[in-house]
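I have placed the structure first, in the form of structure tokens, so that the comments after it can refer back to it.
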Amino acid sequence: MTSLYDEVQTPPAAGVEVRRITVNVNGTDRTVDVEPRLLLAHLLRQALQLTGTHIGCDTTSCGACTVLMDGRPVKSCTVLAVQANGHEVETVEGLATASELHPIQEGFKEEHGLQCGFCTPGMMLASKALLERNPNPTEDEVRWALSGNACRCTGYQNIVKSVLWAAQKMRDQDQEA
Amino acid sequence: MYPSRFSYDAPTSVEEAIAILDRNGGEAKVLAGGQSLIPMLKLRFASPERVVDINGIPGLEYHRIDPDGTLRIGALCRHEDLEFSTILGNSFPTLAQAASLVADPIVRTRGTFVGSLCHADPQGDWSATMIALGGRIVAQGPNGRREIEARDFVLGPFVNALAFNEIAVEAVVSPAKGKALGGYLKLERRVGDFATASVAVALDMDGETVSRAGCALAGVGGRTIDANDAISVLVGKSLNAESIKAAAVAVAAAAEPRTDHRGSSSYKRHIVETFVTRILSSIANSEKKAA
Amino acid sequence: MAPLDELKIGGLGASRRRVEDNRFVRGKGRYVDDVVLPGMLHMEILRSPVAHARIKSIDTSAAWEVPGVRLVLTGETMAARNLAWMPTLSYDTQAVLATDKVRFQGQEVAAVVADNPYIAKDALDKIVVEYEQLPAIVNPIQAQSPDAPLIRDDKENQLTNRIFDWEIGDKEAVDRAFAEADVVSKMDLHYPRSHPSPLETCGSIADYDRSTGKLTVYMTSQAPHIVRAAVAMVAELPEHMIRIISPDLGGGFGNKVPIYPGYVISILASILTECPVKWVEDNSSNLISTGFARDVYLEGELALRKDGKILGMRMHTISDHGAFFADAQPTKFKIGLMHSTFACYDIPAGHLTSEGYYTNKAPGGVAYRCSFRVTEAMFFQERMMHAAANDLGMDQAEFRRVNLVGDDMFPYRTAFGFLTDSGQYGKCLDVGMEAIGYSTFKQEQEEARKRGKLLGIGISTMTEPLGAGNSREYDIIGIKMFDSAELRIHMTGKAILRTGAKTQGQGHETTWAQIVAHELGIPADDIVVEEGDTDTAPFGMGTYASRSTPVAGAAVAMAARKIRAKARKIAAHLLEVSEEDIEWELGRFYIRGNQERGVTIQDCALAAYSNVPDGLEPGLENTSYYDPPNLTWPFAAYFCKVEVDAETGVWDVLKFVAVDDCGVRINPMIVEGQVMGGLTEAYAAANMQYITFDEEGNCIGSNYIDYLLPTSWETPGFELHEVVTPCPHHPIGAKGVGECATVAGPAAFVNAVMSAIEHTGVRNVDMPLMPNRVYEALQTGKNVSGMPPVLGD
């Protein structure tokens, strides 16, 4: 964004290191000054106001914070923002185009793959990574690939159906193309 | 949830990384996959003054088998590179079987094999696998490189044999002389759980005879249990009900399990014995079928 | 002209795709932590590392020095404003910030408010607290001992650790039944503590505006109106100047009903700093300090006739409530609706006694899709039934069939006074038995055992009380448990509906519109649904205990009907006939005998603003406050087939069949989603979820490393079936279903494993049935108990 003004914030105490990083987020370069200890999840949620990535635990267990880094799913709560410098990050906000939902988003809606929606962004991105490597997965392969993403609401059965629905649609789209 | 402050370096060569470690007298920690270190930073179980991020060093992501059959795994080879590897299955079955059981699929995209060895978690899958295979870790410091036997690499829980100014740059496993067979079984209550008990077995077979046997255990002691001596009862024998039983009992005796909420020590010891039996029986059965 | 197709307009029975998904799949949900207010500060809470200790000193001086820190609060600061203690929803008091003692590991001791949460945590680390440790009580049996330290020495007249005694039923009649019995079957077990653990933790953003005197609090609350009332009492702010906004919630499961100290501290912090203050706890804090679930001990007995008829039921429960009695439950019932146990069986006599105790643990007990302790009631019931069938040497299904209330027996008054009104219990049993392959199982099991494989089948059948509840008997802190709906039709026939419920994933934005579509023929897509803002939503008691479809859903229907009644008058006016000559079909009024001549509901809506008859007010809107005449009674019959690995104790679910009768299904897709979600939580409780304590009161399982949630890999698939017996008193015949699966599910899994190992004679293994426990049962032939302190079960 082009700024008209920029209030100078209180810098952290003297001697505290700050690094300027540039991360390509959903196709756009974002440049931010950060403390090295800032987690990628907080960079996304707080600095860049992309709150679609959620934080569900503090032990790297639940996967709610999953984003794609250079196309691979990572838990953004367990990556430092500085580590994303020079890399590409895709969040849930990058899935849909201006006019269309991604087939995975459509699939989750069609097959009731979400209830409270909290695990859903991470779940969908992990699914996207799976389908990029394996466009025609079996149910077991879907369950295995998503075993790093916890859900408390759905019982997973409809999530699996959502992913398989999306896989079919994506294969059909590839056929047509 | 929020790490305490630290300084940060992102060196672009191994030499630069070593120099930083050397300058900081033990106050710097190496960051590779970060899937063990960052959780500790977040809970403030670790509060290093400096973090040295080696992810920007090129040429460390490899895993390959040399012409002489030696497996070399670079410092930035991720768990999932090994899980999806097409070269491990025949020559290093123990590794191949363990790969998909490390943590969960998302952690496996970042976490590294070598980093996991350095973390020296008593429940770590890779430490057990390397000790069973008799592997070595290549450490590089200001004075050059040295190789450390896997069985000497873990000194205690979360303590490894690296000097403060050394980085582990590679893991090495020598090929079997005969046929490489092995297995890895882990009792975890769900994906990503730490092991209640797990067993790594690596055999080097000369026809029907075991010429070398390696075994190590995770989750059943204050550190990875080296059960190589225990399983050596198999050497010179063929795999049959009697020899398998003897090996299973010997390995179980080598375990040092502790009673906790995952189970009593006697239960864990029993799992070790069961898993050794299952791995060896499975090898014996598939060999029979192949024959 | 062709009548409207109700399914096409998204009425009852349509598996309408969810409205809320549009924002959730785009990552545009608005959860509390997503909300950012200008000038917002961040709060972190310091928690006690010990379970029971006197606080000797707290030194916050170093914390104040950290750059970016704005405020540090201790119990002393709170006490100066009369806020160190607050009332609970069970008429007890709870510490907001500890003053004299800490009474559970994880209890709130101090709070820091800073520019960002990283700095707040830095400052937290600099607070020094001196504790003088005291012995900890980790189970209610210890609490009973005369030598036990007194946990609530802050309360006048509290001389022991006992909170309450409660009793219901007919002791004499039950004693007679036991005297006559051919067989007496006993079952003692522990329904262990677990935690609802929604993926989104609890949190609040308190924003006190000094210029207007208005307090706005964004909060993870399943019951925002109750919170407003409570805050008005505690903070002594007038109720009309308090606005609670419960936005999107990332799961609730009962964990977000209580009022937590963090909310209250954030409110005071906002008042003192004159800034909005955000507090969002981390997952470990959520697990160690917020409303846990269950932790009840059972001593149960059934008096049996040898043909299988149950003559009497005796149950004694001992419950562990933690350090403060803070459950949200109907005032009259100290142990919730535990006395709904055995409601699906025709039992002439029952007697239930119950004691509750304080322990050095976080407060709670009523939570986790429990319908007010009904999870315990039905787990105890089905475990007792399983043991009784074996004691009689009777088939599990047959034993249940002999005792189930027959279709022709409704309305049926249970031994504890509940009135169940409808059901086809036998049919549900039949459907399930067929689907699981029950008739061939015994043979399958014997053959498998010969090959060294252990197979088992478990059954769980129950009816449970939902939709609490009628004002004669039900209230929470004196507020009656009605619910409400306010519906306004705009002039173009679109509508806005607000209710007093608060969805946390159940899909209210989708399903309530379906009820309106059913009643008025307005397409569901034309209706927007809002919940959770106390400034705009009519007063309701919130969503938990599966009460929303039965109560708020009924209110929606009634509000729509009132609107239809007014629209009828408008229609008569438009059609120039008298009201008696008007007939209704979906979406349209027409003249009797002349179906072609009619007006749509949309025509009436426009007319409401442009052409009303004389004497009728313009506008087309109404509100309904619904006091349910009775509870609703869905029924579930679950069948689970498992295989146990005798060498390791690991068990796998081979097949799970769930038959649910929840009356009329508003949205079948959503109902099935609720059942599968509930079954997964039941599986989690039965298999792996474990939060317990060692002898010193240290909590084991207060993080996701130790508190295990099943992933997509372990979770079995579920085969779902439906039977529909409409509720006779509910406006649309619905009964509610959100918690049925968590209530009936665990016993199905446990009974299945017990069936697989029945050759050992083991009567009970406490949940979670972890591999080491199952193995121990197989090896020793003895029951395995999970009572803390446990180490190496």
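Residue numbers (my numbering), protein chains in the order written: chain U, 1 to 177; chain H, 178 to 468; chain D, 469 to 1261.
Glycine included, C-beta positions come from ideal geometry on N, C-alpha and C.
Taking its Cβ as the centre, do 16 or more other Cβ atoms sit within 10 Å of residue i, making it buried, or is it exposed?
i, result
"residue 43 of chain U", "buried"
"residue 1227 of chain D", "exposed"
"residue 1066 of chain D", "buried"
"residue 146 of chain U", "buried"
"residue 1261 of chain D", "Residue confidence is low: residue 1261 of chain D scores 41 on pLDDT, short of 50, so the model does not pin down where it sits. Its coordinate-derived value is still stated next. Counting Cβ neighbours within 10 Å, residue 1261 of chain D comes out buried, since at least 16 surround it."
"residue 10 of chain U", "exposed"
"residue 768 of chain D", "buried"
Of all the CB atoms in chain D, is at least one closer than 8 Å to the CB of residue i?
i, result
"residue 364 of chain H", "yes"
"residue 178 of chain H", "yes"
"residue 421 of chain H", "no"
"residue 370 of chain H", "yes"
"residue 161 of chain U", "no"
"residue 440 of chain H", "yes"
Taking residue i as the reference, give the member of the options with the closest Cα.
i, options, result
"residue 943 of chain D", "D:961, D:802 and D:996", "D:802"
"residue 142 of chain U", "U:155, U:153 and U:126", "U:126"
"residue 119 of chain U", "D:658, D:622, D:823 and D:497", "D:497"
"residue 1081 of chain D", "D:525, D:1039 and D:874", "D:1039"
"residue 1178 of chain D", "H:238, H:307, H:366 and H:294", "H:366"
"residue 527 of chain D", "D:535, D:521, D:541 and D:537", "D:541"
"residue 779 of chain D", "D:759, D:813 and D:807", "D:813"
Could you tell me whether the Cβ of residue i comes closer than 8 Å to any Cβ of chain H?
i, result
"residue 90 of chain U", "no"
Determine, for residue i, whether the minimum Cβ-Cβ distance to residues of chain U falls below 8 Å.
i, result
"residue 829 of chain D", "no"
"residue 723 of chain D", "no"
"residue 183 of chain H", "yes"
"residue 1147 of chain D", "yes"
"residue 825 of chain D", "no"
"residue 212 of chain H", "yes"
"residue 485 of chain D", "yes"
"residue 232 of chain H", "yes"
Could you check if residue i belongs to the surroundings of the ligand GTP, using beta carbon to heavy atom distance under 7 Å?
i, result
"residue 976 of chain D", "Absence of the ligand GTP from the depicted structure is noted, as is the absence of any ligand whatsoever, leaving it without description."
* Determine which residues of the segment 781-814 of chain D have a Cβ less than 8 Å from any Cβ of chain U, and write them out in chain order. => none
* To do: Check each residue of the segment 54-74 of chain U: if its Cβ is closer than 8 Å to any Cβ of chain D, include it; give the result in chain order.
  => 54, 55, 56, 57, 58, 59, 61, 62 and 64
* Continuous beta strand (DSSP E) assignments of at least 3 residues falling wholly in the segment 948-1025 of chain D -> 951-957, 963-967 and 995-999
* Asked: Which ranges would you report for the beta strand (DSSP E) in the segment 1162-1237 of chain D if only whole runs of at least 3 residues count?
  -> 1187-1190
* Asked: Where are the alpha helix (DSSP H) runs, 4 residues long or more, that stay fully inside the segment 8-84 of chain U, in chain order?
  -> none
* Can you list, in chain order, the residues of the segment 671-694 of chain D whose Cβ is nearer than 9 Å to any Cβ on chain C? -> Here the protein chains are U, H and D, and chain C is not one of them.
* To do: Would you mind listing the beta strand (DSSP E) stretches within the segment 214-298 of chain H that are 3+ residues and don't spill past its ends, in chain order?
  => 227-230, 240-242 and 248-251
* Taking a cut of 7 Å between CB atoms, which residues from the segment 1180-1204 of chain D lie near chain H? -> 1181 and 1182
* Residues of the segment 272-291 of chain H with a CB closer than 7 Å to any CB of chain U: list them in chain order, please. => 281, 282, 283, 284, 286 and 287
* Asked: Of the residues that make up the segment 494-516 of chain D, which ones have a beta carbon closer than 9 Å to any beta carbon in chain H?
  -> 512
* Could you give the uninterrupted runs of the alpha helix (DSSP H) lying entirely in the segment 834-910 of chain D, keeping only those of 4 residues or more? -> 842-860, 864-871 and 893-904
* Taking any Cβ of chain H, which residues in the segment 597-613 of chain D have a Cβ under 7 Å from it, in chain order? -> none
* To do: Would you list, in chain order, the members of the segment 402-415 of chain H that have their beta-carbon closer than 9 Å to a beta-carbon of chain D?
  => none
* Proximal residues, the segment 125-144 of chain U versus chain D, C-beta separation under 7 Å -> 143 and 144
* To do: With 7 Å as the C-beta to C-beta threshold (strictly closer), list the residues of the segment 1108-1123 of chain D near chain H in chain order.
  => 1115 and 1116
* Can you list, in chain order, the stretches of the alpha helix (DSSP H) that have 4 or more residues and sit fully within the segment 480-529 of chain D? -> 489-492
* Asked: Given a limit of 8 Å on CB to CB distance, which residues of the segment 1229-1248 of chain D reach chain H?
  -> 1238, 1239, 1240, 1243 and 1244
* Pick out the complete alpha helix (DSSP H) segments inside the segment 1068-1106 of chain D, 4 residues or longer, and give them in chain order. => 1069-1078
* Note down, one range per segment and in chain order, each alpha helix (DSSP H) of at least 4 residues found wholly within the segment 353-424 of chain H. => 405-408
* To do: With 8 Å as the limit, tell me which residues of the segment 746-762 of chain D have their beta carbon closer than that to any beta carbon of chain U; keep them in chain order.
  => 750, 751 and 752
* Mind checking the segment 103-121 of chain U against chain D and listing, in chain order, the residues whose C-beta falls within less than 7 Å of any C-beta there? => 105, 108, 109, 110, 112, 114, 115, 116, 117, 118, 119, 120 and 121
* Residue ranges of each beta strand (DSSP E) within the segment 76-133 of chain U, 3 or longer -> 88-90
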